Each structure stands twice: as C-alpha cells, then as structure tokens.
Amino acid sequence: MAPQSSDDLASLSPLLDQALTLTGTARIEWLDALAQAQPEVARKLQAVLASEASLDARRFLDDGPGAALAGSAMTGRRIGAYTLDRPLGQGGMGSVWLARRSDGRYEGVAAVKLPHLSRLSADGVRRFQREGSALARLTHPNIARLTDAGVTDDGQPYLVLEYVEGTRIDQWCDERRLTADARLVLFQQVLAAVAHAHASLLVHRDLKPSNILVTADGTVKLLDFGIVKLLETAPDGTEIGEQTAAGSGPLTPEYAAPEQVLGGSITTATDIYALGVLLYGVLAGRHPTIGDSRLPVDVMRAVSETQPRRLSLSVSESAAGARSATAERLRRAYAGDLDMILAKALEKDPAQRYDSVIAFADDIGRYLRHEPVRARPASAGHRLRKFVRRNRAAVATASLVAVALVTATVITARQSIVARTERDEARRQRDLAQLEERRATAANGFLQTLVQAVPTGVPFTPASLMSRARTLLEADYASDPRFATRMMLDLASTFAAIDDAANEHALLVRASELATRAGDRESEARAQCGLALWVSRDPDSTVIATPFADAGERAIAAMQPPTARAQVPCLLARARIVGELGPADRALTYAERAVRIAEAAGDTSSAAFAALLGELTDTYHNNNRIRDAYLTARRWGATLERTGRGSSVPMLRARQRTATDLRDLGEMLAADSLLGGVVSLARRIDSTSIPPYVSVLAGEIAKGLGMADSAIAVLERAITDARRSGDTFRTAWATSQLVTTLADDGRVPLALVRREEFARTGTTLGGGVLPMLDARIDIARGEPARALPAFLASLKERGFPDGRGAPPFHRIAYHAARAALASGDPRMADTLAGHAVRLERLMGHDPSRSADIGLSMLVRARARLALGDTAAARSALDTARTALQHGLGSGHVTSRDADALARQIGAR
Amino acid sequence: MPTPAPDSRAPQEFVTASISHLLRTASTGDADAAGALFTALYRELHLLAERQLRINGGNLTLGTTTLLHEAYLSMRASEGDRFPDRAHFLAYASRAMRGLVIDYARRRQAKKRGGEFHITSADTDVPDGAVVFDPGPLEELSDALDTLATADAALAELVDLHFFAGFSFVEIAQLRGVSDRTVQRDWRKARLLLHHTLQQLQ
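Sequence lines, in order, name chains A and B.
Heads up, the first sequence is in the numbering used here, so the first residue is 1 and it goes up one at a time.
Heads up, the second sequence is in the numbering used here, so the first residue is 909 and it goes up one at a time.
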C-alpha cells in the first residue's frame, strides 16, 4: 500500500465531489479555473475523471461477483415444473433462463425469470404466488403469458413466462426497412396489448424495446407485464426499487416518464408516455429528449425537463433510409398530425397526455385513415402560463417555446391547405377565406402574446425564438405564399414589439416581395405600409417613408373592396408621416379613421387594434390633446386587459402613458396613485430592472409632489438605467429633469454640474432646452431678470401665443410668468400666467383638478395682489387653491403657501 | 495507527468476545478489535454458507445479501437486544463478505486445477460458457479498496456493500439514511477513485 497514493486520494476527494456535480461545459470551465490555480492538482483530477465514460461503458463494478458465482450453479436446477436449461440473459434485476418441462408430459419450453430477491418472508411468498396467479389470468395474443410464479423451497422467487422467440420491435422494423405507415400498423398491436392490460388495471411501468418482441410471423409480444410491480414492492410494503437502482449501476431511465424520475404517482399515463417514447424511436430512430450525454444527471434532466423535439425535425437521412423513404418525404409525412400525436403522448404533465391508450390508438388510426386527429396542443393559455412560469425561474427554454410555436402554426397550416383546396367552390369561397384568416390571426395573436409576455433581460431571447419561426415559415410554407406572407407580416409586428428592427425590416421586405409575386394586394399594402411605419420610426427619415405609403395606397386602390387589414396600417403610416412633416392635425384625422375602420371591421380584440390605440394615444399627445390622449391610453390598457395581455410589455406602456398623461394634465396625485401599479407591473415583467420610461416618470411625479430628495434619487437611477439601455432620449430627458429639480430645490452647484452633463449629451432633445435650464438655474440663483428674456425668447421661437406647441409649452409660459413676477413686472406675469392657463385648458386640463392651473393661478393671484387688485387676486386664489388641493394635495408646500396667502388676503 | 487504550485487551481475547462487543469496540477506532471482528464475522458467514449448502443438497446459490441478513438475524437472536443496529452490522459484515467472496473464487480456481473445493458441492460442475471467476483481479480490487479506506472509509464501505455484498443503492440509501441520489453520486466517485488506485497499484 502506497501511503502517497492514499494522500492523493484524500486531497482529490473533495474536488471530485465538486467535479461530479458539474457536467458539460460547466465542468470544463471549472477545471480550467482549477488548472489556473493549482495546475498539478487539476492534472491529476483530469486523469481520474478521464476514465469516467469508459467505466460507464465497461459497467465497471456494476455487476457484483455474486451473480456470476451464482449463475454457474443453476443449470439443471428444477424450478416448479421446469428444469433450467441455459441462461438467456442476465441483468440488474436477475437472470432469465430457458427452461423445459420436467415431467415430460408436455413438450413445452418456457422462460424462467429468477429475480435477485432475497428478503421474502412467508407472507411475501404467499403474496408473490397470489399476485402471480392474478397476472397469469392476463391473456392477450400480444402479451407473453405468465404461467406460474412462486418461491422455491430455498427462497428463490421465480416467474415462468411464455417463451417468445422474437426480435426487438425496433430492430425488427429496421431489418425489414418498414415504411412509417407499416410501423404504425405494427405499433397498433402494442397499443392493443397495453390497452387490454390497462382494462385489467395493470400498469406495465417498464415498457421499452427490449420488452417488446416481434415474432417471425409479425406478431407483437409484450414481455414482463405487471412483473415490475410484483418485484417492486417488498413484503413489508417498502419499495425496493430494483428496476431503477438495483445493482445494475447508474440509472438510465430512457423510457421512464417524468413522474417516475421525479417520484410522482405511477398511473396508466406513465405507460402512455413510455409508449410515446417507443413510438418516437420506432418512427424517428432516436429519443425525443435525451441527447448524446448518458450521464445520469443529464438523462434525468432530459426526461424531466427537456421538451421533446418535434418528430418531423428529428428525421435523419439514415433513419429515413431505414424507413424506405427520403428524409424530405418522411419529414413531410410526420409534420402535422404525427407531430401532434407524439407531442400529446409525451406531455410532461400526465394530465395533458392522452386520457387512455385507446384514445392514443384511435388517433393513430385516424392518421392512417387520413382523418383529422384529435390531438391538439394544450390551449394557448396553458402554454403561456407554463412559459411564463419557466421564464420566471430563469430557465432557458427556447425549445419549449419553439415546440409551442410550432404546434400552434402547424394546425393553421394544415387547415389553410384544406381551406385552399375547397376554395374553388365559389359560394363558400369568401367564408372559407375569412375562416382561414381568423385562424391565422388566432395563431399569430398567440405568437404575439407569447413574445410580448416575455420579460426582458432573461436568459432566453425572444429574438432567437422569432428567428426560428421565420426559418420555419420559409421552410414549411413555401407552398402557400399567401399564408406565409401573412404569417411573416404578423411576425414582423412581433419583432417590432420586441424592438428588433433588423428582423422586422427583413421580414417586411421579404413579405413585400412574396406578396407582389403572388399578386396578394392586401399583403402588399400591409408590407409597404409596414415599411413606411418602420422607416418613419426615425423622425429624420420620415420623408423616405412617403413612397412606401404611396405604394401601399396604390395596392389598396386595386382591391375590391379594400380590407381593414390593409387600410389600417396605411392610415397609420400616413398619420405618422403627417405627424412629423405636418400638418400635425391631419395626423389625427388619419389615426382616428384607422381606429374607426378597425372598429367597423369588428377587429377590436387583436394585438394590432391595441397597438393602434397606442398610436392614437401618441398622436393625441403630440397634438397636445392630453385629455384625449389620456382617455385613449385608458382604452388601450382596457383592450390589452380584455385580450389577455394584462401582464405584457405593451400593457406596461399603456399604463405608463396613462400615468404620464395624468401628470401632463397636472393631476399629480392621481398620477401618483397609478404609479404604484405601473412599477409593480414593471417588476413583474422584469424583476431585475425598471425600464427608464417608468423610472423617469416616477422621478417627475416625485418632483411634482415636492419630494425633491426622492425625485433626485429616482432620476439619478433613471439616468443610469437609460444610459445603460442606450436610450439617449430618456437619458437626456431625465438629466434635464434632474437639473430643474436640483435648481428648484436650491442646490445650484449640483444643478450646474448636471447642466454641464446635459450640455454634452442632451442634444437629442433639441437646442431649445439648454437655455431653459440656464433660465431655471438663474431663478434659483435669485436672478429672475436674467431668466425672463430667455423664457420669452423661447416662447417667441415656438410661435407664442398662437403656435402649435409641444406639451412643455405652457410650462414655459408659467415659468416666464414667475420670472416676470420675481423681476418686478406683475402685469406681464399676470398676462403670461393667463396664457399658461389658456393653453392648459386647451390641452384638456380640468381647472378644478390641475396642479398646473393651480400654480398658474397662484402666480396670477400674486401678480394681481402686486397690482393692487385684491378682489381679482382672491378670485384667482380660490381657483388656485381648489386646483392645488386636488392636483397636489392639501399637505403640499405650494398648497400651504396658497392657504397662507389666503389668510394674508383675508387679514387685509 | 491509534494508540492502544489502557484497558485494551490482547487480540486473542477478542476471538471469544461477543460480536456485539467487538462491533462497539471496533467503532471506537480500535484496530485490533476490528481485526478480531472481521475474523469472527467471516467465520459466522462461512458457517452459514456451509449450512445452506447442506440444506440445498449440494446446490448452492451464493446469495450474498441473503447470507448477510441471515447472519444478522441469527447473531441478534443469540446475542439479544443489545446487538448493534443492522446498518452498523452490515457495514462490517460486508467487509467480511469481501474476504469470503475472494476465498470462494480462490477455491473455485483451485478446484479447476484439481485442488480442494470447500463451498460448492463436488457434483456441480462449471458449465461451458459460464463466467469463471479469476481471483486475481478481485484481490487487486481488495488491495485498492484498502487504500481507498485509508482516505475515505465510507466510500470503501460503499463498495463492499454494493459490489461484494450485493445491496442495491436503494437499500444502502435506507441503511445510511441518505438519498438514492447521494449514494449514486458517491458510487461514481468511489469507482473513479478505485480505478485510479488500481492503475497506480499496477
């Protein structure tokens, strides 16, 4: 014994523990890190680990010496009425012998199974015999009969079974190069046998190819029915679990259902899963979930977590060859119904599988007779819940979603083909087209829901999923360009929802090509106007968008009659273009018309309609019709809620817009009460970060409510977040808000620092903002006279008092009024504040609820007081106090100022 | 090597000491007690095996697990309630079983060469094609196990329990009060370290 060697072992032991918990690349990375720190130790550890696979393959130490020692002594031994002849096989569970009748009365041979069981009490013996005889009553042409079971005098349990001379089902099929249909016909025998046993309340639990033999005449024989259970339970009722973890070494539950691996209850659904795995193997020549790794931990994960690969995607050339087909033909044969049948049998959740083996067999029968199958993927809602659940756990499950996606689209494809062939019938033509359309919309509504529900910032990337979907469309639907084009257009809007402009654009271009080639006017219009919308997302490129919108409108003009699906995006594109290039009020005409057309077409429940309301919200907002924007944003949110998108990213935007519009209406308290919901929704969608458009709003509202410290903290955070996400507009906007918050709070030096920062990075907001910030800092420094000219210049630049202005326009008038008052010009202050109130009312401010009106009226009251008109001041102050109380609350410092002023005026 | 405790007795005294006493003393790390315990257990198992042989009229299945359980039951019956728990007993007995298995293989080898044959009866021949056990690799394995035991006794014990005594992982998990998964992971580790040690010994 070499002591050095054992020291070695002691030092390697803890490291080996760690290494064995890791697999694949994780282990490689870990070993690399170790090699950096302790090269010598890492080298030794690698040498030890290197033999792992070969030890598995050799089953090193898996079979104890006892089995081999025992086996040799058994030949010629009498078991019941039989004499053991020769061993047929040996495994972890025991040995199987070919045996002959000892009494010579019959010429029978049988298979005798001798399980390694050693703890049978007298009770156990009786139980074994009792249950054995129950099994013996199970007679079916496709089940190998159990003729006897018992325990020998020396305690060896045994089972006497019908001896089947046959070949494993998968080998049998491959040797004969059976076609897929012939395999399915053969498999019906397997299903019939299992169905019969289930009717006798027997579950097999260990269905696998080696338990399913086919005799020379093509009869299927199932072995070991019910035996697993017989062997599994020890006499005292404790589970021995020989079949999973007996002395046969590592667990390899290739045919086990997830509930077997995870320790759930075993039911007939367990057999249905195993049958699914079997059929999958028979049809595709591979396992639905287990990959190359045979490490128990990987296999366990594959069984319990990995979603099965779609059958038609698992076809290899060699597998196709063994089925006398080309891979392409086989894929086509499997795509659709068989994909779904297998997906149904292989559901992880037992309750989602076929209800019975008979239902499973029935669907295969339907497939063989070319009738529609009953298997349907679980409802979209169910899939979605599952999907969201998985994402919350931050598990990368692209494959799951791909399966969900694929099954959803497959149905539509088949149905659209059916619809197409029947379309020739003139009377039904339009009805069917509409039906097809509704189905396509349903499928894509699902896709959109799916992707929009994907929280951002999780390991799984929606983009990769959508890219798969795109590849799928190009590959599988080339034969139906109209359908493929529509799917692509929907997919493009889904890409838009996740801000993947490059893929959105590529799809729109491809859809436009396909539509033009197929003469599909509707899709052509949608694609062209989609491109117009895509281009116009960058305001500077709006001019370029015009030709696309023109092309879309030409396509619409050629339609008899034009459909809403074509008109809506084109009107929207026009609204966007006009909104940017002017006249802006025309944009409202277009956007409102788009909504009316969609409503008339009855399309008020789709994601597209919700997006349309979002666009209308923006258009109202940009036209400074804030009240209308607010009402539309609420309708937008309600539509999302109604259509099951209550927890989606668009919903977050809708609620954020509702709160923003309330803030822009000066209703700070109401905005603040919505804010909590917005933030918690944002957290639900992504627990790790809050989008900048939410945190900026939170900062602004805090500022408005006079909570300078928290406003500053939130805005600082918003700037960091916005900068990190590359959102330069919101970085600049939040910085400008921070400057004014600091200035208003009297922290001039800090405001100056942030002002410098803004001067460097804030150009995206346009050149007009910086002078306004300087003016606000001047006021904070007590130099209102310097600020006033800047405010006035800015107002003039914007066409004050008549021009069309952006939302902050009225605020400039208000700040100008304050500056005028502070620099001793109350008349000008009164006039400017009056303009501010006028503008606010135009925007839709409610005079009894708007803090902005309250602030403006407070300036007016002070100005009028300075002018000596106490009565006018009092009247202004009344309005101001009501508005401030509802807009900011009676505890707000400005409300208290107003109250103090009221007392002062009253005192006079 | 632990220092003998002041009250330690000479090894020969252990031969007659009760198994339960030996088990308790060996558990304190007393190497002499452990040696005596193995000798006693070996003798017990051997007797049991021979008795089975007689009952079966010459046909013996060396069911190691059965043998160990029977040994436990018979010893507990003769030594009373103070007999240590089954897990404890089986761990030591499995180590003894290793010796028995290796001896069995040696004798079998000897019989093939015309020598003495103890356990199986003379009229049962080794059938054609059946596995003949070469004791050589088993002896090497046993040496490697001893080395492993100095580094990690529990791992070596696991190999005795599973490989030599034939307990399933589930049974071992129950004996040890841990999960199957833990036993399987330990098993993978034990196998790797044993293989490594075997390579070094060669």
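Virtual Cβ for every residue (Gly too), placed ideally from N, Cα, C.
Given the structure is predicted, the values throughout are model-derived calculations rather than measurements.
Asked	Found
Chain A within 7 Å of Ala985 (chain B), Cβ atoms only	no
Pairwise C-alpha distance: Ala525 (chain A) and Cys570 (chain A)	7 Å
Counted within 10 angstroms of its Cβ, other Cβ atoms place Val357 (chain A) as buried (16 or more) or exposed	buried
Residues that Thr167 (chain A) bridges to, as DSSP identifies them	A:Val214
Which of helix, strand or coil DSSP assigns to Gln18 (chain A)	helix
Close beta carbons around Thr516 (chain A), own chain, < 8 Å, minus the five adjacent residues each side	Glu524
Chain B contact residues for Ala10 (chain A), given Cβ-Cβ distances below 9 Å	Thr1058, Ala1059 and Asp1060
The segment 332-351 of chain A: positions lying closer than 9 Å to chain B by Cβ	none
Rounded C-alpha distance that separates Phe800 (chain A) from Ser794 (chain A)	9 Å
Leu16 (chain A) at chain B interface by Cβ criterion, 7 Å	yes
The alpha helix (DSSP H) enclosing Val373 (chain A), as first and last residue numbers	No alpha helix (DSSP H) holds Val373 (chain A); DSSP gives it neither H nor E.
Span separating the alpha-carbon of Gln171 (chain A) from that of Leu945 (chain B)	53 Å
Contacts of Ser536 (chain A) in chain B (Cβ-Cβ under 8 Å)	The contacting residues do not exist; Ser536 (chain A) stays about 59 Å from chain B at best.
9 Å Cβ cut-off: residues of chain B touching Glu757 (chain A)	Correct list: empty, because the minimum Cβ distance to chain B is about 56 Å.
Selected residue, minimal CA-CA separation from His204 (chain A), among A:Asp298, A:Glu254 and A:Thr270	A:Thr270
Secondary structure of Ala111 (chain A), DSSP reduced to three states	strand
Leu956 (chain B) at chain A interface by Cβ criterion, 7 Å	no
Assigned exposure category for Pro141 (chain A) - 16 Cβ within 10 Å defines buried	exposed
is_contact[Arg1099 (chain B), chain A] using C-beta, thresh 7 Å	yes
Terminal residues of the alpha helix (DSSP H) in which Ala836 (chain A) lies	Pro826 to Met843
Cβ of Ser13 (chain A) within 7 Å of any chain B Cβ	yes
DSSP three-state assignment for Ile690 (chain A), whether helix, strand or coil	coil
Beta-carbon proximity list for Arg353 (chain A), same chain, < 7 Å, skipping 5 on both sides	Ala269, Ile272, Tyr273, Lys344, Ala345 and Glu347
Assumed close pair Leu752 (chain A), Ile777 (chain A) - CB separation to whole angstroms, cut-off 8 Å	7 Å
Reduced DSSP secondary structure (H/G/I, E/B, other) of Thr147 (chain A)	strand
The segment 33-62 of chain A: positions lying closer than 8 Å to chain B by Cβ	Ala47, Val48, Leu49, Ser51, Glu52, Leu55, Phe60 and Leu61
7 Å Cβ cutoff met for Thr542 (chain A) and Ile577 (chain A)	yes
Chain A contact for Arg1014 (chain B) (CB, 7 Å cutoff)	no
Whether Leu858 (chain A) touches Ala880 (chain A) by CB criterion (7 Å)	yes
Contacting residues, own chain, Cβ-Cβ under 8 Å from Ile143 (chain A) (five flanking each side not counted)	Ala193, His196, Ala197, Lys221, Leu222 and Phe225
Secondary structure of Lys344 (chain A), DSSP reduced to three states	helix
Ile556 (chain A) to Val678 (chain A) span [Cα, whole Å]	39 Å
Chain B residues whose Cβ lies nearer than 7 Å to that of Leu20 (chain A)	Arg1093, Arg1096 and Lys1097
His845 (chain A) versus A:Arg627, A:Ala111 and A:Gly579, residue with shortest Cα-Cα distance	A:Arg627
Ala829 (chain A) beta carbon less than 7 Å from that of Ala813 (chain A)	no
Cβ neighbours of Ala633 (chain A) in the same chain (closer than 7 Å, five flanking residues each side left out)	Thr617, Ala654, Arg657, Thr658 and Asp661
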